[in-house]
Amino acid sequence: MILFEDVAEIPADFGPTVVAIGKFDGVHAGHRAIIEKMLVDAASSDVRTVAVTFDRNPLAIIAPDRCPRSLVGVTQKAELLSRTGIDATLVLRFDEAQASEEAESFVRRILVEGLKARRVLVGSDFRFGRGGSGDADLLRRMGAELGFEVEVVADVASAGDGRRVSSTWIRELLEQGDIERATKLLGRPPSIVGEVVHGLKRGRELGFPTANLSPDAEGYIPADGVYAGWLVARTPENVLRSGVRYPAAISVGTNPTFDDVQHRQVEAYVLDETDLDLYGRQVEVTFVKRIRGMVAFEGIDALIEQMHDDVARAREALTAAPLWIRDASTL
Numbered sequence: 167m168i169l170f171e172d173v174a175e176i177p178a179d180f181g182p183t184v185v186a187i188g189k190f191d192g193v194h195a196g197h198r199a200i201i202e203k204m205l206v207d208a209a210s211s212d213v214r215t216v217a218v219t220f221d222r223n224p225l226a227i228i229a230p231d232r233c234p235r236s237l238v239g240v241t242q243k244a245e246l247l248s249r250t251g252i253d254a255t256l257v258l259r260f261d262e263a264q265a266s267e268e269a270e271s272f273v274r275r276i277l278v279e280g281l282k283a284r285r286v287l288v289g290s291d292f293r294f295g296r297g298g299s300g301d302a303d304l305l306r307r308m309g310a311e312l313g314f315e316v317e318v319v320a321d322v323a324s325a326g327d328g329r330r331v332s333s334t335w336i337r338e339l340l341e342q343g344d345i346e347r348a349t350k351l352l353g354r355p356p357s358i359v360g361e362v363v364h365g366l367k368r369g370r371e372l373g374f375p376t377a378n379l380s381p382d383a384e385g386y387i388p389a390d391g392v393y394a395g396w397l398v399a400r401t402p403e404n405v406l407r408s409g410v411r412y413p414a415a416i417s418v419g420t421n422p423t424f425d426d427v428q429h430r431q432v433e434a435y436v437l438d439e440t441d442l443d444l445y446g447r448q449v450e451v452t453f454v455k456r457i458r459g460m461v462a463f464e465g466i467d468a469l470i471e472q473m474h475d476d477v478a479r480a481r482e483a484l485t486a487a488p489l490w491i492r493d494a495s496t497l
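The sequence shown runs 167 to 497 under this note's numbering.
Structure representation (structure tokens):
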């Protein structure tokens with residue numbers, strides 16, 4: 167997949183294209199429905215497939231107080247989109263200038279002049295342009311004038327209660343520690359990516375050395391607790407997907423037994439490994455199942471006994487995980 171970070175980077179002869187536009191936060195089942203429709207539409211003609219998205223949630227500029235945490239960072243998003251089989255992704259920087267661009271200007275500059283779009287796909291709630299003035303109806307009117315078709319792809323919803331698959335729903339599940347249901351909506355286990363940094367080294371003192379992720383790791387951190395999952399180390403070339411995967415027991419929280427950790431942290435103990443040197447490396451930590459909540463223990467011995475139990479339960483959970491989850495454990 168080709169990654170463009172500005173419309174000016176797109177070669178003049180790149181089009182024609184079929185385009186899907188959206189925030190694509192998480193690249194969940196609803197997003198993939200749009201992308202899969204785009205791929206099918208492009209199969210019968212000689213056009214390229216392009217996802218158009220932004221480097222942040224537009225609310226971060228328009229209404230910061232209402233902006234939720236993103237499910238994935240921009241690097242994660244680009245990687246997830248690349249795995250769908252599309253030809254290119256255009257990641258637009260959403261700043262004050264982008265927020266103030268009129269909807270008609272966006273269509274002409276990005277879709278017509280930049281991508282030479284022949285077909286544009288959007289979700290049912292798609293809005294764009296200054297003040298959210300652009301919608302599917304405007305796209306259709308401009309498409310009739312400028313030579314592209316528009317299709318609104320129906321929402322993907324739960325058969326049980328009809329709830330629409332959304333990033334909001336997935337965030338709610340992660341806040342509850344419900345990794346298994348979040349995984350179903352995402353189509354993959356949730357994960358975070360960040361650099362391994364030095365911590366208090368308390369895990370090493372207890373016989374369970376951990377890889378501590380930096381506070382600026384990309385991705386949505388689930389509820390405090392202990393999880394079964396995997397740690398994937400990047401190769402020296404920083405290619406995440408070709409890294410080595412290690413089974414892990416993962417702790418999320420502030421370690422209430424010692425009460426000296428000021429901020430929530432994610433630390434992963436790689437099962438049966440005591441001498442891995444991952445400091446300074448970029449790793450992905452993938453969550454498969456929540457084992458328990460975060461609690462304070464009365465004394466070191468009780469904590470160590472519980473950590474042995476956590477490791478055993480993590481090993482069991484990873485062994486029992488469905489094959490599709492084990493195969494989808496990395497970005």
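Ideal Cβ positions, reconstructed from N, Cα and C, are used throughout, including at glycine.
Return the first residue and the last residue of the alpha helix (DSSP H) that residue i is part of.
i	result
residue 357	It is not in any alpha helix (DSSP H) - residue 357 instead sits in the beta strand (DSSP E) that spans 357-363.
residue 333	333-341
residue 294	Neither: residue 294 is in no alpha helix (DSSP H) and is coded neither H nor E.
residue 284	That residue, residue 284, is in no alpha helix (DSSP H); its beta strand (DSSP E) goes 283-289.
Is residue i buried or exposed, if buried means 16 or more other CB atoms sit within 10 Å of its CB?
i	result
residue 177	exposed
residue 197	buried
residue 489	exposed
residue 280	buried
residue 410	exposed
residue 290	exposed
residue 415	buried
Might you give, ordered along the chain, the residues of its own chain that have their beta carbon closer than 8 Å to the beta carbon of residue i, omitting 5 neighbours on each side?
i	result
residue 222	236, 240, 260
residue 219	187, 188, 189, 190, 243, 247, 255, 256, 257, 258
residue 265	224, 227, 228, 296
residue 406	Low per-residue confidence applies at residue 406: pLDDT is 48, beneath 50, and the placement is therefore not dependable enough to give any value.
residue 170	176, 254, 255, 256, 257
Short of 7 Å in beta carbon distance, which residues of its chain neighbour residue i, apart from the five on each side in sequence? Order them along the chain.
i	result
residue 362	377, 378, 379, 444, 445, 446, 447, 449
residue 342	389
residue 329	323, 335
residue 172	none
residue 374	435, 473
Comparing C-alpha positions only, which one of the options sits nearest to residue i?
i	options	result
residue 199	322, 375, 328	322
residue 351	229, 194, 171	194
residue 483	211, 395, 431	395
residue 168	226, 207, 245, 238	245
residue 454	461, 493, 471, 440	493
residue 203	182, 276, 251	251
residue 184	307, 211, 486	211
residue 431	392, 469, 442, 456	392
Under DSSP, the beta strand (DSSP E) around residue i begins and ends at which residues?
i	result
residue 251	Looking at the DSSP string, residue 251 is not in any beta strand (DSSP E), and its letter there is neither H nor E.
residue 306	Per DSSP, residue 306 belongs to no beta strand (DSSP E); it is in the alpha helix (DSSP H), 302-312.
Only counting the same chain, and skipping five residues up and downstream in sequence, which positions put a Cβ closer than 6 Å to that of residue i?
i	result
residue 353	195
Original post:
Quick one: any contact between the stretch 464-476 and the stretch 382-390, if contact means 3 or more CB pairs under 8 Å?
Top reply: Two segments are said to touch when three or more pairs of C-beta atoms, one from each, lie closer than 8 Å; by this definition the stretch 464-476 does not touch the stretch 382-390.
Subject >> the stretch 283-293 contacting the stretch 310-319, beta-carbon criterion three pairs below 8 Å >> reply: yes
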